[in-house]
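Asker: I have a structure here, written as C-alpha cells, and I will follow up with some questions on it.
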Amino acid sequence: MSTNPHRITLGRIDYGATFRFTRLFDCFRMAIAPSRLMLALMLIACLFIAGLLMNQLWGPRVLIDPNQPMFEFSRFVNQPTETFLGWRDDMIDNVQPERRQGIFTAVFETKLTLFEHLVRAAVNLRFGFDQLAPGTPPATDTVLGTLRLLFMLPLWLWHAHTSFFVVYMMLFLLGWSLFGGAISRSAIVEASGASTPGATESFVYAWHRWLWYILAPLLPLLIIAVLGGLLALGGVVFNVWVLDILGGLFFAIALAVGFIMALLLIGWIGGVHLMYPALSAEDSDAFDAMSRGYSYVLARPWRLILYTFVSLIYGAVTYLFVGVFIFVTIYLTHWSIGLLVAGTFEDATTYFNALFPTPQFGDLTRYRPDYEHLNWSGSAAATLIMCWVFVLIGVVGAYALNFYLCSYSVIYLLLRRYTDGTDPAEIADPDAPRSPADKIEPAPGHPAPAAATVSESASTTVTPPPAPDIPDEQ
C-alpha cells in the first residue's frame with residue numbers, strides 16, 4: 012500500500028529569533044552610527060584634554076626605560092607592593108628628567124599597548140584559561156592574562172600615584188556617566204527595535220538622569236567600603252585584653268560579612284557592565300539598576316560569559332577592520348597630496364613628510380610632525396593637520412567604546428528576556444503589539460508551547476488530503 016508523506020515548505024529561517032545571540036552581530040552597525048561616534052569622540056576629547064592638563068600639574072612622575080615598555084607598571088606587577096614602592100621612592104628623585112614622563116601619558120600608552128595585546132589574543136582565540144590558576148604570572152598573549160593586567164592598572168595608580176588617580180577618576184566618572192549614558196540610551200532603544208534617537212535626544216535623557224548614571228556603578232563599592240569599615244571597627248576588640256576572646260568567639264560574624272563583601276565584589280565585576288543598559292532601558296534608579304545587574308549575573312552566569320566571549324571575538328575582528336580602514340584613508344590622503352608638494356631638506360627629508368609624516372600601520376597614535384625642519388608657518392600647518400588626523404584616529408577609539416556599550420546593551424536585553432521573559436520592544440513602547448518572532452520565551456523549567464516559531468516570511472503550509480488506498484496488484 013503506497014502512502015503520500017506530508018510535506019512542509021519553509022521559506023526562510025529567522026536566525027535572529029532562533030539563535031538570539033546572533034543579534035550581537037548587529038553591534039558593528041550600531042557602533043558606527045554617526046551620532047554615537049560623535050558622542051564617543053566628544054568623550055575621548057574631554058578625557059584626553061583633561062589628562063594632558065593634569066600631566067602639566069603633576070609633572071613627570073613615572074619612571075621609563077627606552078628598552079622596556081611599561082617599565083614602572085611591569086615592576087609593580089612582578090614585585091610585592093612594598094618592595095615596588097621602596098624601589099620607586101629611591102629612584103624617582105635620582106633619575107634624569109628624560110627618564111621620566113607624565114602620568115597620563117604613561118597610562119595612555121600602557122592601556123593602548125594592553126588593548127592591542129587583547130585584540131590580537133581575541134582574534135587568535137588565545138583565551139589563556141590557565142591564567143585562572145593561582146600563582147600564574149600574567150601573559151600578555153592571552154585574553155585573560157591581558158585582562159588581569161588591565162585590572163591591575165588602577166591598583167598601580169592607587170599605590171604609586173594616589174592623588175592623580177583620585178582626581179582623574181572623578182573626572183572620568185563625570186564624563187563617562189554623561190556621554191556613556193547617552194550612548195547606552197541610544198543603543199538600547201535601537202536594539203529594542205524602535206527608531207534610533209538622535210545625539211541631542213540621547214544626551215538630554217542622560218543629562219536628566221546624570222546622578223543615577225554616576226551612582227549606579229559606585230553603589231556596590233560604597234556598600235563594600237561601609238562593610239569593610241564596620242569590620243575595621245570591630246577589629247578594635249583585639250587590642251583589648253579579654254575582649255579579644257569575644258572577638259574570636261564571634262569571628263564567624265566577620266567571616267559572614269566578608270562573604271557578603273566578596274559576593275558584592277564578584278557580582279560587581281560581572282554586573283557593572285549591565286547597569287547603564289538597565290538605567291537606559293527601565294527608566295529606573297541606581298538601586299534598581301544594581302539589583303538587575305546582580306540578578307542577571309547570578310541567574311544566567313554562563314550565558315553572560317558566552318555572550319561576552321562572542322562579543323569580544325567579534326569586536327576584536329571589527330576593530331581591526333576599522334583600524335585598517337582608517338589607516339588606508341590616512342595613507343591615501345598622504346600619498347595623493349604629497350605628489351605635488353615640492354621641497355627636500357639636506358638630510359633627504361621631504362617638506363611634506365616633515366609636515367605630515369608617512370603613517371605607519373599599527374602605530375598611528377605615535378604620529379608626530381617633524382617640527383625641527385619647519386618654520387613658524389609650516390609648524391602651524393603641521394599642528395592643524397595633526398589635529399584633524401588625530402580626530403580621524405580617534406574614530407578607532409570611539410568605535411571600541413561604542414561597541415562595548417552597544418554589545419552590553421544587546422546582552423542586557425537577551426539576559427532580561429531569558430530571565431524575566433520581557434519583550435525587548437517594551438523599552439521603546441510598552442504598549443506596542445508583539446510580533447510572532449518576539450513572543451516571550453519561558454525560562455528553563457517552565458512549560459513551553461508546542462508550536463514552533465517560524466519567520467513571518469515563511470511560506471504558507473498546505474497539507475494535501477491523503478491519497479486513496481490502491482490495492483496492490485496480485
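Residue 12 is where the sequence shown starts when you use my numbering, and the numbers rise one by one after that. C-beta atoms are modelled at their ideal positions from N, C-alpha and C, and glycine is treated no differently. Bear in mind the structure is a predicted one, so any value in this text is a computation, not a measurement.
What number of angstroms, rounded off, separates the C-alpha of residue 120 from the C-alpha of residue 351?
Answerer: Roughly 35 Å between the two C-alpha positions.
Asker: Across which residues does DSSP place residue 112 in a beta bridge pair?
Answerer: For residue 112, which the question treats as bridged, DSSP gives the partners 73.
Asker: Can you tell me whether DSSP reads residue 361 as helix, strand or coil?
Answerer: Reduced to three states, the DSSP call for residue 361 is strand.
Asker: Alpha carbons only, please: which of 144, 183, 239 and 87 is nearest the one belonging to residue 65?
Answerer: The residue with the shortest Cα to Cα distance from residue 65 is 183.
Asker: Looking at residue 416 and residue 227, is the spacing between their C-beta atoms short of 8 Å?
Answerer: Cβ distance not < 8 Å, so residue 227 and residue 416 don't count as in contact.
Asker: Rounded to whole angstroms, what is the Cα-Cα separation between residue 196 and residue 288?
Answerer: When rounded, the distance between both Cα atoms is 7 Å.
Asker: Could you tell me the boundaries of the alpha helix (DSSP H) in which residue 487 lies?
Answerer: Outside the displayed span of the chain (12 to 485) sits residue 487, for which this structure offers no information.
Asker: Is it a yes or a no for the segment 416 to 427 touching the segment 309 to 329, going by three-plus beta-carbon pairs under 8 Å?
Answerer: Judged by Cβ distances under 8 Å, the segment 416 to 427 makes contact with the segment 309 to 329, as three or more pairs qualify.
Asker: Could you check the C-alpha separation between residue 10 and residue 267 for me, to the nearest Å?
Answerer: Lying outside 12 to 485, the shown extent of the chain, residue 10 is not represented and no answer is given.
Asker: Sort out for me which residues DSSP pairs residue 79 with in a bridge.
Answerer: For residue 79, which the question treats as bridged, DSSP gives the partners 76.
Asker: By DSSP, does residue 489 sit in helix, in strand, or in coil?
Answerer: Residue 489 lies beyond the stretch modelled for the chain, which goes from 12 to 485, so this question has no answer here.
Asker: Please go through the segment 157 to 186 and give each complete alpha helix (DSSP H) segment of 4 or more residues, from N-terminal end onward.
Answerer: Runs found: 173 to 186.
Asker: Would the segment 324 to 333 count as touching the segment 128 to 146 if we require 3 or more Cβ pairs under 8 Å?
Answerer: Touching, per the Cβ criterion.
Asker: With residue 124 and residue 91 assumed to form a contact (beta carbons below 8 Å), what rounded beta-carbon distance in angstroms separates them?
Answerer: About 24 Å; that fails the 8 Å criterion.
Asker: Got a sec, what are the start and stop residues for the alpha helix (DSSP H) residue 234 sits in?
Answerer: First-last of the alpha helix (DSSP H) with residue 234: 230 to 245.
Asker: Cα separation between residue 420 and residue 231?
Answerer: If I take the Cα positions, the gap works out to 20 Å.
Asker: In the DSSP assignment, find the unbroken alpha helix (DSSP H) run with residue 314 in it and report its ends.
Answerer: Element bounds for residue 314: 312 to 349.
Asker: Cβ atoms of residue 323 and residue 154: under 8 Å apart, would you say?
Answerer: Yes.
Asker: Can you tell me where the alpha helix (DSSP H) holding residue 378 begins and where it ends?
Answerer: That residue, residue 378, is in no alpha helix (DSSP H); it is neither H nor E in DSSP.
Asker: Measuring CB atoms only, is the segment 205 to 222 touching the segment 269 to 279, in the sense that at least three cross pairs come out at less than 8 Å?
Answerer: No, the segment 205 to 222 does not touch the segment 269 to 279.
Asker: Looking at residue 392: is its Cβ nearer than 8 Å to the Cβ of residue 382?
Answerer: Against a cut-off of 8 Å, the Cβ pair of residue 382 and residue 392 comes out as no contact.
Asker: What is the DSSP secondary structure of residue 273, counted as helix, strand or coil?
Answerer: Correct three-state label for residue 273: helix.
Asker: Ends of the alpha helix (DSSP H) at residue 199?
Answerer: Run containing residue 199: 192 to 202, per the alpha helix (DSSP H) assignment.
Asker: Quick one: what's got a C-beta closer than 7 Å to residue 301's C-beta in the same chain, skipping five residues either side?
Answerer: The answer, listed in chain order, is 227, 230, 231 and 286.
Asker: Does the segment 72 to 88 touch the segment 30 to 39, meaning 3 or more C-beta pairs lie closer than 8 Å?
Answerer: In short, these stretches do not touch, since the Cβ pair count stays below three.
Asker: Please classify residue 206 as buried or exposed, where buried requires at least 16 neighbouring CB atoms within 10 angstroms.
Answerer: Exposed.
Asker: Helix, strand or coil: which one does DSSP assign to residue 490?
Answerer: With the chain represented from 12 up to 485, any question about residue 490 goes unanswered, as that position is not in the structure.
Asker: Excluding the five sequence neighbours on either side, which residues of its own chain have a C-beta within less than 6 Å of the C-beta of residue 87, listed in chain order?
Answerer: Here the set comprises 95 and 167.
Asker: Quick one, are the C-beta atoms of residue 337 and residue 407 less than 8 Å apart?
Answerer: Yes, the Cβ-Cβ distance between residue 337 and residue 407 is below 8 Å.
Asker: Quick check on residue 280: does DSSP put it in helix, strand or coil?
Answerer: Helix.
Asker: Taking the alpha carbon of residue 188 as the point to measure from, which residue in 113, 118, 273 and 284 has its own alpha carbon closest?
Answerer: For residue 188, the nearest C-alpha among the options comes from 284.
Asker: What would DSSP say about residue 371, mapped onto helix, strand or coil?
Answerer: Note: residue 371 maps to coil in three-state DSSP.
Asker: Return the CA-CA distance between residue 346 and residue 400, expressed in angstroms with no decimal places.
Answerer: Cα-Cα distance, rounded: 14 Å.
Asker: Is residue 149 buried or exposed, if buried means 16 or more other CB atoms sit within 10 Å of its CB?
Answerer: When all chains shown are included, residue 149 counts as buried.
Asker: Output the distance between the C-alpha atoms of residue 355 and residue 362, rounded to the nearest integer angstrom.
Answerer: Between residue 355 and residue 362, the C-alpha separation is close to 5 Å.
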